[in-house]
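Colleague:
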Amino acid sequence: MNLLRKLLFPFAILYGTIISIRNFLFDAGVLKSYSFDLPVIVVGNLSVGGTGKTPQIEYLIRLLSDKYKIATLSRGYKRQSAGFVLAQAGTNAKILGDEPFQFFQKFPSIQVAVDADRKNGIEQLLSLPEKPEVILLDDAFQHRKVKAGLYILLTSYGDLYSDDFMLPTGNLRESRSGAKRADVIIVTKCPFNLSLDEQKKINKTLKVTPNQELYFTFIAYEEFIYGEKRKINVNEIQVAAKVLVAGIAKPEPFFAYLQDTNDVCLSFPDHHNFTDKDILEIKNVAQNNIIITTEKDYVRLKGSLPGEQLFYLPIQSSFVSGSENFDKTILDYVGKSTTNNKLY
1 MNLLRKLLFP FAILYGTIIS IRNFLFDAGV LKSYSFDLPV IVVGNLSVGG
51 TGKTPQIEYL IRLLSDKYKI ATLSRGYKRQ SAGFVLAQAG TNAKILGDEP
101 FQFFQKFPSI QVAVDADRKN GIEQLLSLPE KPEVILLDDA FQHRKVKAGL
151 YILLTSYGDL YSDDFMLPTG NLRESRSGAK RADVIIVTKC PFNLSLDEQK
201 KINKTLKVTP NQELYFTFIA YEEFIYGEKR KINVNEIQVA AKVLVAGIAK
251 PEPFFAYLQD TNDVCLSFPD HHNFTDKDIL EIKNVAQNNI IITTEKDYVR
301 LKGSLPGEQL FYLPIQSSFV SGSENFDKTI LDYVGKSTTN NKLY
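Under our numbering, think of the first position of the sequence shown as 1, with each following residue one higher.
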């Protein structure tokens, strides 16, 4: 923790107090939460950025989209639009935001929408001729105006919410006690061989309650990088000269997975909107070498860098163990909700 963050400690106490009062008012029913007659699943976190919400949402899409009509609803961070927007032909990352646009490109069978007001966003989705049967709310754990049916809380291995503090001294959006609202807690970005002893230790550290399920996931990288017209096996480019570009919260694992001795790594802020100056810098550094970026950055860089040079490396969320139990929890919740409730 740097000196400035320590000096801002009184503001963290004030901010924490305000958020706690807000949560109390929602819990007491003074501030109203709205429920909807279809399965609504929230994926979120207590801290700002970097817990792996996007691959977790994609995991749920893959699990559910063959059986149900799925819609994702995000805020659309840093998008150049306002209000409710439903992705359609001609929509781009500037209109939707990078992560929703990534969903739109990868999963053409689902509906992708953005709205900072999640209640309004759900109402707009349910007013469409093709109504969704399941809505996945991305990064909405603190959006108490909507009462979801299932809450999935993510926290990063090595950066657990139990070891953090409120903004601006720490990175928490709300106090650790907010974790009690979660039905499922997932520790993300773990070592793939995380031991049972360490899993038990983390369970105790997080103070997981008997009515909560705890899982551990790791980031699995695909075997290929993908460009506009071709794909290349990662093994083939491991020792090739290349430039690695990332505008994500914690790019170190991405760099470490691909980097060779003479490679150049260019790091930008999370959700960075690449300027003409940035593009020129990347071109000058890369020359004729390939450029590899994250999937999230690719949707913003595509068209600005030469298509024959630009590639991205997809990732997926994989469970250390217990994926069958997790899938069952999700499928049971969605199945019972769609059977017992009359959809709008």
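A virtual CB, placed ideally from N, CA and C, is assigned to each residue, including glycine.
Going straight from the alpha carbon of residue 334 to that of residue 67, what length do you get?
Modeller: Residue mapping note: residue 334 aligns to position 334 of the sequence shown, counting from 1. Residue mapping note: residue 67 aligns to position 67 of the sequence shown, counting from 1. In a straight line, the C-alpha of residue 334 is about 10 Å away from that of residue 67.
Colleague: Given residue 260, which residues of its chain have a CB within under 7 Å of its CB, disregarding the five upstream and five downstream residues?
Modeller: Along the sequence shown, one-based indexing puts residue 260 at 260. Within the same chain, residue 260 has close Cβ partners 238, 239.
Colleague: Could you tell me the distance, in whole angstroms, from the CA atom of residue 344 to the CA atom of residue 161?
Modeller: In the sequence shown, counting from the first residue as 1, residue 344 sits at position 344. In the sequence shown, counting from the first residue as 1, residue 161 sits at position 161. Reliability of the predicted coordinates at residue 344 is poor, the pLDDT of 35 falling under 50, and the value obtained from them is presented with this limitation in mind. Approximately 37 Å between the Cα atoms of the pair.
Colleague: Sort 324, 150, 109, 100 by Cα distance to residue 211 and report the nearest one.
Modeller: The residue labelled residue 211 in the question sits at position 211 within the sequence shown. Closest option to residue 211, Cα to Cα, is 150.
Colleague: Helix, strand or coil for residue 242, going by three-state DSSP, please let me know.
Modeller: The residue you call residue 242 lines up with position 242 of the sequence shown. Strand at residue 242.
Colleague: Which stretch, first to last residue, makes up the alpha helix (DSSP H) that contains residue 256?
Modeller: Numbered from its first residue, the sequence shown carries residue 256 at position 256. 252-258 is the extent of the alpha helix (DSSP H) around residue 256.
Colleague: Tell me which same chain residues have a C-beta within less than 7 Å of the C-beta of residue 84, skipping the five on either side of it?
Modeller: Here the question's residue 84 lines up with position 84 in the sequence shown. 113, 115, 120, 121, 124, listed in sequence order.
Colleague: Considering only the alpha carbon of each residue, which of 338, 26, 44 lies closest to residue 183?
Modeller: What you label residue 183 is simply residue 183 of the sequence shown in a count that begins at 1. For the residues 338, 26, 44, the minimum Cα distance to residue 183 belongs to 44.
Colleague: Only counting runs of 3 or more residues, tell me where the beta strand (DSSP E) segments fall wholly within the region 124-163, in order along the chain.
Modeller: Qualifying beta strand (DSSP E) stretches, in chain order: 134-138, 150-156.
Colleague: Would you tell me roughly how many angstroms separate the C-alpha atoms of residue 64 and residue 7, rounded to the nearest one?
Modeller: On the sequence shown, residue 64 is found 64 positions in, with the first residue counted as 1. On the sequence shown, residue 7 is found 7 positions in, with the first residue counted as 1. Distance between the alpha carbons of residue 64 and residue 7 is about 47 Å.
Colleague: Check whether the Cβ atoms of residue 257 and residue 221 sit closer than 9 Å, and answer yes or no.
Modeller: In the sequence shown, residue 257 corresponds to position 257, counting from 1. In the sequence shown, residue 221 corresponds to position 221, counting from 1. Result yes, Cβ atoms of residue 257 and residue 221 sit closer than 9 Å.
Colleague: Taking Cβ to Cβ, would you say residue 16 is nearer than 9 Å to residue 166?
Modeller: Indexing the sequence shown from 1 puts residue 16 at position 16. Indexing the sequence shown from 1 puts residue 166 at position 166. Yes, these two residues count as a Cβ contact at 9 Å.
Colleague: For the structure I just gave you, are there three or more beta carbon pairs, one from the region 177-193 and one from the region 89-105, closer than 8 Å?
Modeller: Output reads no: the region 89-105 does not touch the region 177-193.
Colleague: I need the boundaries of the alpha helix (DSSP H) containing residue 19, first residue and last residue.
Modeller: The residue labelled residue 19 in the question sits at position 19 within the sequence shown. Per DSSP, residue 19 belongs to the alpha helix (DSSP H) from 9-27.
Colleague: Rounded to whole angstroms, what's the CA-CA distance from residue 205 to residue 189? Just pull it up for me.
Modeller: Taking the first residue of the sequence shown as position 1, residue 205 is located at position 205. Taking the first residue of the sequence shown as position 1, residue 189 is located at position 189. Computed Cα separation, rounded: 17 Å.
Colleague: Answer yes if the region 25-40 comes into contact with the region 214-230, meaning at least three C-beta pairs across the two stretches below 8 Å, and no otherwise.
Modeller: The region 214-230 is not in contact with the region 25-40.
Colleague: Taking the alpha-carbon of residue 254 as reference, which of 295, 290, 306, 233 has the nearest alpha-carbon?
Modeller: By 1-based counting over the sequence shown, the position of residue 254 is 254. Measuring from the Cα of residue 254, the nearest candidate turns out to be 295.
Colleague: Judging by CA-CA distance, which residue of 53, 60, 193 is the nearest neighbour of residue 327?
Modeller: Locating residue 327 in the sequence shown gives position 327, where the first residue counts as 1. That would be 60, whose Cα lies nearest to the Cα of residue 327.
Colleague: Consult DSSP for residue 165 and reduce its assignment to one of helix, strand or coil.
Modeller: To locate residue 165, count along the sequence shown from 1; it is residue 165. Residue 165: coil per DSSP, three-state reduction.
Colleague: So the candidates are 214, 277, 290, 216; which of them puts its Cα closest to the Cα of residue 230?
Modeller: Numbered from its first residue, the sequence shown carries residue 230 at position 230. Measuring from the Cα of residue 230, the nearest candidate turns out to be 290.
Colleague: Keeping to the same chain, check which residues put their C-beta closer than 8 Å to that of residue 266; ignore five residues upstream and five downstream.
Modeller: Taking the sequence shown and counting its residues from 1, one reaches residue 266 at position 266. Only 243, 244, 245, 246, 281, 282, 285 meet the Cβ criterion.
Colleague: So if DSSP puts residue 95 in a beta bridge, which residue, or which two residues, is it bridged to?
Modeller: Start at 1 with the first residue of the sequence shown, and residue 95 comes out as number 95. Residue 95 is not bridged to any residue.
Colleague: My output table needs one value for residue 113: the three-state DSSP class, helix, strand or coil.
Modeller: As a working note, residue 113 is residue 113 in the sequence shown. In the structure shown, residue 113 sits in a strand (DSSP, three-state: E or B).
Colleague: What are the boundary residues of the alpha helix (DSSP H) that residue 234 is part of?
Modeller: Your numbering for residue 234 matches position 234 in the sequence shown. Note, residue 234: alpha helix (DSSP H), 234-237.
Colleague: Output needed for residue 100: all residues of its chain with C-beta closer than 6 Å, excluding positions within five of it in sequence on either side, in chain order.
Modeller: Walking along the sequence shown from the start, residue 100 turns up at place 100. Contacts found: 74, 76, 112, 114.
Colleague: Judging by CA-CA distance, which residue of 3, 301, 54 is the nearest neighbour of residue 312?
Modeller: Walking along the sequence shown from the start, residue 312 turns up at place 312. Per the Cα distances, 301.
Colleague: With the cut-off set at 9 Å, would you say residue 42 and residue 152 are in Cβ contact?
Modeller: For the purposes of this step, residue 42 is taken as residue 42 along the sequence shown, with counting starting at 1. For the purposes of this step, residue 152 is taken as residue 152 along the sequence shown, with counting starting at 1. Going by C-beta atoms, residue 42 is nearer than 9 Å to residue 152.
Colleague: Cutting at 6 Å between CB atoms, please list the residues of its own chain near residue 232, excluding the five before and the five after it.
Modeller: Indexing the sequence shown from 1 puts residue 232 at position 232. Excluding residues within five positions, the ones whose Cβ falls inside 6 Å are 225.
Colleague: Start and end of the beta strand (DSSP E) containing residue 45?
Modeller: Residue 45 sits at position 45 when you count from the first residue of the sequence shown. Its beta strand (DSSP E) spans residues 40-45.
Colleague: What is the DSSP secondary structure of residue 315, reduced to helix, strand or coil?
Modeller: Within the sequence shown, residue 315 is the residue found at index 315, counting from 1. DSSP places residue 315 in strand when its eight states are reduced to three.
Colleague: Exposed or buried, residue 337, counting other C-beta atoms within 10 Å across all chains shown (16 or more means buried)?
Modeller: As a working mapping, residue 337 is identified with position 337 in the sequence shown. The residue is buried, with at least 16 neighbouring Cβ atoms inside 10 Å.
Colleague: Taking just the CA atoms, how far does residue 3 sit from residue 13?
Modeller: As a position in the sequence shown, residue 13 is number 13, starting the count at 1. As a position in the sequence shown, residue 3 is number 3, starting the count at 1. Computed Cα separation, rounded: 16 Å.
Colleague: Would you kindly work out how many angstroms separate the C-alpha atoms of residue 145 and residue 241, rounded to a whole number?
Modeller: Position 145 of the sequence shown, counted from the start, is the residue given in the question as residue 145. Position 241 of the sequence shown, counted from the start, is the residue given in the question as residue 241. When rounded, the distance between both Cα atoms is 50 Å.
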